[in-house]
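Chains as they are written, first to last, in the numbering used here: chain S, 42 to 175; chain F, 42 to 175. Positions of the beta carbon are idealized from the N, C-alpha and C atoms, including for glycine. Just so we're clear, the structure is a prediction, and the values are computed from it rather than from any experiment. Here is the structure we will look at.
Protein chains: 2
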Amino acid sequence: MKDGLLTERQMEVLRYRKQGLTQQQIADIISTSKANVCTIEKSAMENIRRAKETLEFLYTLDATHLCTIPTGTDLFNVPAIIFGEAEKINVKVKYDTISLINRLRESRAQACKARVVCEDIIVYITDQGELYFG
Amino acid sequence: MKDGLLTERQMEVLRYRKQGLTQQQIADIISTSKANVCTIEKSAMENIRRAKETLEFLYTLDATHLCTIPTGTDLFNVPAIIFGEAEKINVKVKYDTISLINRLRESRAQACKARVVCEDIIVYITDQGELYFG
DNA sequence: CCGGACTTAAACACTTTTCGTTAACTTTAC
DNA sequence: GTAAAGTTAACGAAAAGTGTTTAAGTCCGG
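In structure tokens:
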């Protein structure tokens, strides 16, 4: 009730994986089979996916889906894409080019490496022109 | 397995609430008691909290441990501590004094009573200077 | 103080998730 | 081809979460 979605077991496995251990090595450490480590890791990933989807629902509660910025897009091209899409639906975006990039980097830091988008970014917009990045 | 954390029932209640309906009105619409609407809404909020916490954990996975703020520390001393530690490892913190305190209060509300830290706070930092509080 | 909105707790039936096992399967690197 | 790494499927027991009801509670404006 107090913690997040992930169980202790799941976090344990993710931490070891982050360190580069194999499933077999982890299995030995936590005394179980590698098959079990695999399923624990898998359900951890599933829980993470569900957590993301849950927050996306929150955004969609008062925002509509605008567009998706594909992996590999140059960060500096993102504003033009968003302005274009927003214009199509007659919404004025609340941000100028610079502040939009800053907003994006604040909200999805790990999706921005240097000048490139390194994860697909789903863009939501409210009637007031506020943006959310999923 | 396919959806997010929220059940149909929970999303239903949240949507009606967003429209400004009272719990009683919703109870009538979905044919149950207002007490039940309350618990459904409550568990929806709990699920949202858990979703957020889950993603926070993810961030701590690729952030490194910076330092721990001990219980009893004056909130206004926290930024100086963090700036100092970040400097030691040559990372520029993304926040100024004020926004850092706000960020901390947002993320660990129950660990901040008035001007004092009332629970140990573990501080994580990414290479980009983003902070997470555990 | 009254009523409306909202919260809480206990209990219940029900469903889903989790961790685990075993055994067979696919993938990847040498 | 072999070996190590990873995945999958079927199954079971234990744990956790959900939707309900009922009944008692708080909080607040008029």
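Residue nearest to residue i in terms of C-alpha spacing, selected from the options
i, options, result
"L172/F", "K59/F, S84/F, T109/F and R56/F", "T109/F"
"T229/F", "K59/S, V158/S, E82/S and N131/S", "The requested residue 229/F does not occur in the structure, where chain F is confined to residues 42 to 175."
"I130/F", "V119/F, Y165/F, V158/F and T63/F", "Y165/F"
"Y27/S", "T48/S, I67/S and R50/S", "Missing from the structure shown is residue 27/S; chain S here goes from 42 to 175 and no further."
"S72/F", "N88/F, E53/F, A85/F and G61/F", "E53/F"
"E82/S", "I139/S, L55/S, A152/S and D115/S", "L55/S"
"S140/F", "E160/F, L47/F, V119/F and K154/F", "V119/F"
"R90/S", "E87/F, E49/F, G45/F and R156/F", "G45/F"
"L107/S", "F117/S, N88/S and V132/S", "V132/S"
"E87/S", "K43/F, G125/F, F117/F and N88/F", "K43/F"
Chain S residues whose Cβ lies nearer than 7 Å to that of residue i
i, result
"Q169/F", "A150"
"T109/F", "By Cβ distance, chain S contributes nothing, its closest Cβ being about 18 Å from T109/F, past 7 Å."
Distance cut-off 7 Å: residue i Cβ against heavy atoms of the ligand ZN
i, result
"R146/S", "Only the bare structure without any ligand can be found here, which leaves the ligand ZN out of the picture."
Span separating the alpha-carbon of residue i from that of residue j
i, j, result
"Q169/F", "G113/S", "19 Å"
"I80/S", "T95/F", "The question names Ile, but residue 80/S is Thr in the sequence shown. Roughly 18 Å separates the two Cα atoms."
"I70/S", "L99/S", "39 Å"
"K75/F", "G61/F", "15 Å"
"S148/F", "D115/S", "31 Å"
"G175/S", "F174/F", "21 Å"
"L47/F", "E49/S", "22 Å"
"D137/S", "R156/S", "18 Å"
"F117/F", "R146/F", "12 Å"
"E97/S", "E97/F", "15 Å"
"R144/F", "G125/S", "32 Å"
"P111/S", "K154/S", "14 Å"
Residue environment, residue i, which counts as buried when at least 16 other CB atoms sit within 10 Å
i, result
"A127/S", "buried"
"A92/F", "buried"
"V78/F", "buried"
"I162/F", "buried"
"V158/S", "buried"
Under 9 Å by beta carbon: chain S residues contacting residue i
i, result
"R56/F", "L102"
"K59/F", "L102 and D103"
Neighbour list for residue i in chain S, Cβ cutoff strictly below 8 Å
i, result
"A127/F", "Residues of chain S passing the Cβ test: none, with the nearest at roughly 16 Å."
"L46/F", "L46, R91, A92, E94 and T95"
Contact list for residue i against chain F, beta-carbon separation under 7 Å
i, result
"M52/S", "F98"
Cross-chain neighbours of residue i in chain F, by beta carbon under 9 Å
i, result
"N88/S", "L46 and T95"
Contact under 8 Å by Cβ, residue i with residue j
i, j, result
"I142/S", "V134/S", "no"
"T167/S", "A121/S", "no"
"A85/F", "Q64/F", "no"
"A152/S", "E160/S", "yes"
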